[in-house]
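Residues in the sequence shown are numbered consecutively from 89, following the working numbering.
The structure under discussion appears below in the form of structure tokens.
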Amino acid sequence: MMSAAALVLAGCHGADSDSASPGAPAGSASSRAAAQPANRVTGTINLREGSAPPSADAKLEIRLVDVSAQDAAPLASKTIAPANQFPLSFELDFNPADINPADLYVVQAELVDGERHYAMVLQTPVLTKGASNQVSIQLAAEQTPGEKQLREFQALQKQLGGMKITSGTRLDKDVSRAWQVFRAGGTVRLVRMQADYGDKGFVSTDYAYQDGAPWVIVQQKKSGKDAKPDAVIRVAWDKSGNVVLHETEAGGKTSPLADDEVARLKKEAQDVLGMVTGGKGK
């Protein structure tokens, strides 16, 4: 009887081993499930603290890219608009067959809001080389072209004390003007003009130049010389002469400056340069 029982038990063990695929290791069903590559990347995107908040016109582009392959098309992409509420969650679905374990994959995100771009603080690898399929992305606001010009203009202002300075005055029927001309390397870099219109107000303007062409204009309009500005106008051009900044700030609000005003100020800057240099332009 004991021999018979042993044979029965042996038969049962044999049946258990035959239930799996030939040559499959123990627990192969769960192992095969774990070995399947993910077909989705998920994550959250947030703005770095202190970044200017985007408007309702902002658009977010998210891409899954193989950075090991030059000029490779994204494996997945998504556009979210408007994108002005953060943190923001996303999902990117892709074909697992497109993944090469030896390659490096990253999620790229860029937020565009008019002239302002928000770029990733750090690169975010996913999927291969031990990386997860979940990411947390932080975006930081970059300077607009106009802000870059203003920053360079402010750096120029700090250098004025080391430049050659000449001054002049002019009295017309309705306005008296006084100016200072700042030169470096034999060329005019900035003209600071003050125009007193009496009871009609006072205007202080910095006209900055690059290679003899108007570069940045910052104009303050006041009720009087010692009064606080009622309005501040800022205009800037790049080296190609393209307008990169045109705004007016008044009453705590900033709005675009009209094209005809931009054109008027550019001509005004050219006329001022001609007047203070006797038509020489330098």
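Glycine residues also receive a C-beta, built at the ideal position from the N, C-alpha and C atoms.
The model shown is predicted, which means the values in this text are computed figures rather than measured ones.
query, result
"Assuming contact is defined by CB atoms lying nearer than 9 Å, are Arg280 and Asp294 in contact in what I supplied?", "yes"
"In terms of DSSP beta bridges, what is Leu148 paired with?", "Ile168, Leu199"
"Report the CB separation of Ala219 from Pro213 in whole angstroms; it is logged as a contact under 8 Å.", "4 Å"
"Report all residues from its chain with a CB closer than 6 Å to the CB of Arg151; omit the five preceding and five following residues, and keep chain order.", "Pro162, Ser165, Gln196"
"According to the Cβ coordinates, are Val291 and Lys310 closer than 9 Å?", "yes"
"Taking DSSP's pairing of strands, which residues face Gln298 in a bridge?", "Ala301"
"Considering only DSSP beta bridges, list what Pro344 is partnered with.", "Glu335"
"Is the number of C-beta pairs between the stretch 138-153 and the stretch 173-189 that are closer than 8 Å three or more?", "yes"
"My guess is that Gly234 and Leu353 are in contact by the Cβ rule of under 8 Å, so how many angstroms apart are they, rounded?", "No, Gly234 and Leu353 are not in contact; Cβ-Cβ is about 14 Å, not under 8 Å."
"Could you check the C-alpha separation between Lys327 and Pro302 for me, to the nearest Å?", "10 Å"
"According to the Cβ coordinates, are Glu361 and Tyr297 closer than 9 Å?", "Per the sequence shown, residue 361 should be read as Leu rather than Glu. Contact: yes."
"Applying the 10 Å Cβ sphere with the 16-neighbour rule, what's the burial state of Asp85?", "Any answer about residue 85 is impossible in this case: the structure gives the chain only from 89 up to 370."
"Do His205 and Glu240 have their C-beta atoms within less than 9 Å of each other?", "no"
"Assuming Ser343 and Glu335 make a contact with CB atoms under 8 Å, what is their CB distance in whole Å?", "7 Å"
"Pick out whichever of Val209, Ala283, Asp260 has its Cα sitting closest to the Cα of Ala266.", "Ala283"
"In or out: Ala357 buried (at least 16 other Cβ within 10 Å) or exposed?", "buried"
"Cβ of Glu203 within 9 Å of Cβ of Thr232?", "yes"
"Express the C-alpha separation of Pro142 and Ala315 in angstroms, rounding to a whole number.", "34 Å"
"How is the alpha helix (DSSP H) around Arg136 delimited, first residue to last?", "Run containing Arg136: none; DSSP gives neither H nor E here."
"In the structure shown, what three-state DSSP assignment does Lys309 receive?", "strand"
"Considering only the beta carbon of each residue, do Arg128 and Asn221 sit closer than 9 Å?", "yes"
"Just to check my reading of the structure: Leu135 and Phe178 have Cβ atoms closer than 8 Å, yes? What is that Cβ distance to the nearest angstrom?", "That belief does not hold up - the Cβ atoms of Leu135 and Phe178 are roughly 15 Å apart, past 8 Å."
"What would DSSP say about Ala315, mapped onto helix, strand or coil?", "coil"
"Which whole-angstrom value is the C-beta distance of Ala140 and Ala171, which I expect to be below 8 Å?", "About 14 Å; that fails the 8 Å criterion."
"Just the Cα atoms here: how many angstroms apart are Leu345 and Asn330?", "15 Å"
"Work out the CA separation of Ala319 and Val306 for me, nearest whole Å.", "11 Å"
"Can you have a look at Asp347 and say buried or exposed, based on whether 16 or more other CB atoms are within 10 angstroms of its CB?", "exposed"
"Measuring alpha carbon to alpha carbon, tell me which of Ala190, Lys252, Val194 ends up nearest Thr130.", "Val194"
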